[in-house]
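K.L.:
Here's a structure for you.
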Amino acid sequence: MATKVHMEALSPTMEEGQLVQWLKAEGDEISSGDVLAEIETDKATMELVARGDGILRKIFVAAGATAPVGSVIAVIATSDEDISGIQGVSAGGATAVAAPPAAAPSKPSAAKVEAPALASAAPAAAPAPSAPTSRASADIAENGGRVKASPLARRLADEMGVDISRVQGSGPGGRVVKRDIEAAKAAGVPAPSVAVWVPSAAEYEDVPASQMRKTIAKRLVMSLGPVPTFYLTVDVDMGRVIEARESLNAIVEKDGLKISINDLVLKAVAGALARHPECNAQWHETFVRRFNSVHLGVAVAIEDGLITPVIRDAQAKGIARISAEVRELAARAREKKLRPEEYTGATFSVSNLGMLGIREFTALINPPEAGILAIGAIEESPVVVNGAVVVRPRMRVTMSCDHRVIDGAQGSRFLQTLVAMLEEPTAILL
Numbered sequence: 456m457a458t459k460v461h462m463e464a465l466s467p468t469m470e471e472g473q474l475v476q477w478l479k480a481e482g483d484e485i486s487s488g489d490v491l492a493e494i495e496t497d498k499a500t501m502e503l504v505a506r507g508d509g510i511l512r513k514i515f516v517a518a519g520a521t522a523p524v525g526s527v528i529a530v531i532a533t534s535d536e537d538i539s540g541i542q543g544v545s546a547g548g549a550t551a552v553a554a555p556p557a558a559a560p561s562k563p564s565a566a567k568v569e570a571p572a573l574a575s576a577a578p579a580a581a582p583a584p585s586a587p588t589s590r591a592s593a594d595i596a597e598n599g600g601r602v603k604a605s606p607l608a609r610r611l612a613d614e615m616g617v618d619i620s621r622v623q624g625s626g627p628g629g630r631v632v633k634r635d636i637e638a639a640k641a642a643g644v645p646a647p648s649v650a651v652w653v654p655s656a657a658e659y660e661d662v663p664a665s666q667m668r669k670t671i672a673k674r675l676v677m678s679l680g681p682v683p684t685f686y687l688t689v690d691v692d693m694g695r696v697i698e699a700r701e702s703l704n705a706i707v708e709k710d711g712l713k714i715s716i717n718d719l720v721l722k723a724v725a726g727a728l729a730r731h732p733e734c735n736a737q738w739h740e741t742f743v744r745r746f747n748s749v750h751l752g753v754a755v756a757i758e759d760g761l762i763t764p765v766i767r768d769a770q771a772k773g774i775a776r777i778s779a780e781v782r783e784l785a786a787r788a789r790e791k792k793l794r795p796e797e798y799t800g801a802t803f804s805v806s807n808l809g810m811l812g813i814r815e816f817t818a819l820i821n822p823p824e825a826g827i828l829a830i831g832a833i834e835e836s837p838v839v840v841n842g843a844v845v846v847r848p849r850m851r852v853t854m855s856c857d858h859r860v861i862d863g864a865q866g867s868r869f870l871q872t873l874v875a876m877l878e879e880p881t882a883i884l885l
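To convert, note that position 5 of the sequence shown is 460 in the numbering used here; the numbers rise steadily by one, no gaps.
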C-alpha cells in the first residue's frame with residue numbers, strides 16, 4: 456500500500472516548512488527510517504524520515520518551496536502500484552520561494568550613475584491648443600527652461616491647478632500675468648502632472664522571508680499587543696564580577712575553558728529566579744504556572760533572526776557548566792542544528808546586547824513566559840560612593856514584566872536579589 460509523505464510538524468510551533476533539499480530522488484529504493492529530505496522549520500533545519508518501504512514514486516514539492524504542515528509532499532509505493540488518485544500539495548498550495556533579484560553593486564560606477572526612474576501619478580493630460588502650447592514652449596526654451604511669469608501669476612496657477620508651462624503670456628516680453636492664468640483656467644488648461652519617485656531595480660534587493668523570520672513576526676505581534684508589559688530598570692556595579700571573572704579564568708584556563716561576563720550574569724539570574732518563583736512563571740489564561748526549576752532561555756542572534764536555546768535546571772549548574780552549554784548550543788543554533796527540546800520550554804529569558812555596545816534597551820517577552828531581562832553594556836561611569844565621586848564599571852539591566860503574572864513589587868524584589876548577587880558574586884554560590 457502506498458505511503459504518503461507528509462510535511463510533518465518538526466517543531467512545536469511549526470505551521471509550514473520549506474523544503475531545503477531532497478536527499479532521495481524519484482525512483483530510489485526507500486526503507487522506513489531513511490532520511491528523505493531536509494526541512495527548514497521556524498527554528499532549525501530538520502531531517503524528514505520515511506515512514507514506509509518502497510520506491511519514491513513521486514515528489515510533489517520541489518526544493519526551495521514551502522508547504523503547510525500535514526500536506527502530502529511525496530509518495531512511496533511499489534513499482535506497479537497505481538498512485539494516480541493521490542493528490543499532492545503541488546495542486547493545492549505549495550509556494551515556491553522566488554529567487555531574489557541581483558544585488559545592487561556596493562558603489563555606483565564612476566562613469567555612469569543610474570538615475571532614479573520617475574513615474575507620473577496623474578493620467579496623461581490632454582494637450583492644450585497647439586498654437587499657444589508651441590509658442591509657450593518656445594518661450595520657455597529661449598528663457599533657459601524657466602517660465603517668465605509674475606509672482607501673482609505663479610500663485611494663481613498653483614491655487615487654480617493650472618500648468619503654467621502650457622500658458623502663453625500676454626505681458627511684456629511674453630510674461631505670464633494674472634489674466635493669462637484666468638483665461639487658461641477657463642479654457643481648461645490641465646494641472647501639472649505630479650512626479651512620483653520610483654526606485655530602480657539596482658537600488659534594492661528583495662529577500663524572501665525565512666520560516667524563522669515569519670515565526671518571529673507572528674510571535675512579536677502576540678507579545679507586544681496582548682501582553683500588558685511594564686519595565687523595571689536598575690544599574691549594577693560590576694566591579695566585583697569583573698574581578699571574579701579574572702579569578703575564575705585563572706583557574707579554568709588550564710582546562711581550555713573561558714568564563715565570560717554573560718556566564719556570570721546567567722548564573723546570577725538563575726539563582727535569583729530560584730529565590731523568586733513568582734517571576735519564574737508562565738501565563739496560561741486560567742492559571743499561572745510557577746516553576747521549581749529554572750529553564751533559562753538565552754537569546755542568540757543568527758543569520759535569519761533570533762533563537763533562544765534553553766539551559767535546563769540552570770539554578771543547579773555551576774558557572775563552568777553553564778558557560779560550556781551556552782557556547783555549544785549557540786554554535787549549533789547558528790548552524791540550525793538544534794533539536795526542538797533544546798529551544799522550547801524556557802521559564803524565563805535573557806537577552807544581552809552589551810557586547811554590541813548597547814547601553815540600554817527593552818526586550819519583548821516570549822509568551823507564555825512572564826519576563827525577560829535586557830542586559831546592556833558595562834561602562835565606566837561616575838558615581839557617588841561615601842560622599843565622593845568615583846568612576847565605577849556600571850551595567851544597566853531592564854526587566855520586561857507581564858503584569859498578569861508579575862506585579863511591580865515582585866519584579867523589584869527579584870531585581871534587588873539579582874543586583875546583590877552581582878555586586879557580591881560569592882552570593883551566587885549560596
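We put the CB at the ideal spot given by N, CA and C, even for glycine.
1) Who are the Cβ neighbours of Gly507 in its own chain at under 7 Å, not counting the five residues just before and after it?
2) When DSSP labels each residue in this structure, what does Asp487 get in the three-state scheme?
3) Tell whether a beta-carbon distance below 8 Å holds between Ile830 and Ser855.
4) Below 8 Å on the Cβ atoms is my contact criterion, and I expect Ile883 with Gly711 to pass it. Report the Cβ-Cβ distance as a whole number of Å.
5) At the level of alpha carbons, what is the spacing between Ala723 and Met876?
6) Any idea what DSSP makes of Ile861, helix, strand or coil?
7) Out of Val781, Arg847, Gly760 and Ala729, which one is the CA nearest neighbour of Asp690?
8) Keeping to the same chain, check which residues put their C-beta closer than 6 Å to that of Ile615; ignore five residues upstream and five downstream.
9) Mind checking which residues open and close the alpha helix (DSSP H) that includes Arg700?
10) Can you look up Val620 in the DSSP assignment and give me helix, strand or coil?
11) Have a look at the DSSP bridge pairing and note the partners of Val844.
12) Distance, Cα to Cα, Ala612 vs Lys603?
13) With a CB to CB cut of under 7 Å and the five nearest residues on each side skipped, what residues in its chain are close to Pro955?
14) For the 8 Å Cβ check, are there 3 or more pairs between the segment 760-768 and the segment 785-805?
15) Only counting the same chain, and skipping five residues up and downstream in sequence, which positions put a Cβ closer than 8 Å to that of Lys713?
16) Starting from Glu502, follow its DSSP beta bridges and name the residues at the other end.
17) Report yes if the C-beta distance between Gly543 and Ile528 is below 8 Å; otherwise report no.
18) Give the range of the beta strand (DSSP E) segment to which Gly540 is assigned.
19) For Ala608, I'd like the list of residues in its chain whose CB is within less than 6 Å of its CB, leaving aside the five on either flank, ordered along the chain.
20) Could you work out which residue in Leu808, Glu796 and Ser836 is closest to Met501 when comparing CA atoms only?
21) Thinking Ala785 and Gly752 are a contact (beta carbons under 8 Å), I'd like their distance in whole angstroms, please.
22) Whole angstroms are fine: how far does the CA of Phe816 sit from the CA of Val755?
23) In whole angstroms, what is the alpha-carbon distance linking Ala480 and Leu511?
24) With which residues is Thr458 paired in a DSSP beta bridge?
25) Going by other Cβ atoms of all chains shown within 10 Å of its Cβ, with 16 needed for buried, is Tyr798 buried or exposed?
26) Just to confirm, are Thr468 and Tyr686 a CB contact at a threshold of 8 Å?
27) Compute the distance between the beta-carbons of Arg745 and Thr872, then report whether it is under 8 Å.
28) Quick one: grab the DSSP three-state call for Glu797.
29) Hey, how far is the Cα of Gly599 from the Cα of Asp618?
30) Return the residue from the list Val860, Val839, Gln770 and Pro645 that minimises the CA-CA distance to Thr741.
31) Assign Gly628 to one of two classes, buried (16 or more other C-beta atoms within 10 Å of its C-beta) or exposed (fewer than that).
32) If you draw a straight line from the C-alpha of Asp483 to the C-alpha of Lys673, how long is it?
33) Which residue or residues does DSSP assign as beta-bridge partners of Asn807?
34) How many Å lie between Glu536 and Lys513 at the Cα?
35) Can you give me the start and stop residues for the alpha helix (DSSP H) that Ile777 sits inside?
36) Determine the contact status of Gln476 and Ala492, defining contact as a CB-CB distance below 8 Å.
P.N.:
In this structure, then:
1) Thr458, Ser487 and Ile531
2) For the record, residue 487 in the displayed sequence is Ser; it is not Asp. Here Ser487 sits in coil by DSSP.
3) no
4) Going by Cβ atoms, the distance from Ile883 to Gly711 rounds to 23 Å, so no, they are not a contact pair.
5) Straight-line Cα distance between these residues: approximately 6 Å.
6) coil
7) Arg847
8) Here residue 615 is Met; the residue named in the question, Ile, does not match the sequence. Closer than 6 Å at Cβ, skipping near neighbours: Lys640.
9) Gly694 to Val707
10) Residue 620 is actually Ser in this sequence, not Val. Note: Ser620 maps to helix in three-state DSSP.
11) Val839
12) 13 Å
13) The question about residue 955 has no answer, for the chain in this structure spans 456 to 885.
14) yes
15) Excluding residues within five positions, the ones whose Cβ falls inside 8 Å are Asn704, Val707 and Ser778.
16) Glu493.
17) yes
18) Per DSSP, Gly540 belongs to no beta strand (DSSP E) and is neither H nor E.
19) Val631, Val632, Lys633 and Ile636
20) Glu796
21) Contact doesn't hold; Cβ gap of about 12 Å is too wide.
22) Going from the Cα of Val755 to the Cα of Phe816 covers about 16 Å.
23) Taking the straight line joining both Cα atoms gives about 7 Å.
24) Ile531
25) buried
26) no
27) no
28) helix
29) For Gly599, the predicted model reports a pLDDT of 47, less than 50, meaning its position is unreliable and no value from the coordinates is stated.
30) That would be Val860, whose Cα lies nearest to the Cα of Thr741.
31) exposed
32) 38 Å
33) Bridge partners of Asn807: Ile830.
34) Answer to the nearest angstrom: the Cα atoms are 12 Å apart.
35) Ile774 to Arg789
36) Remark: C-beta atoms of Gln476 and Ala492 approach each other more closely than 8 Å.
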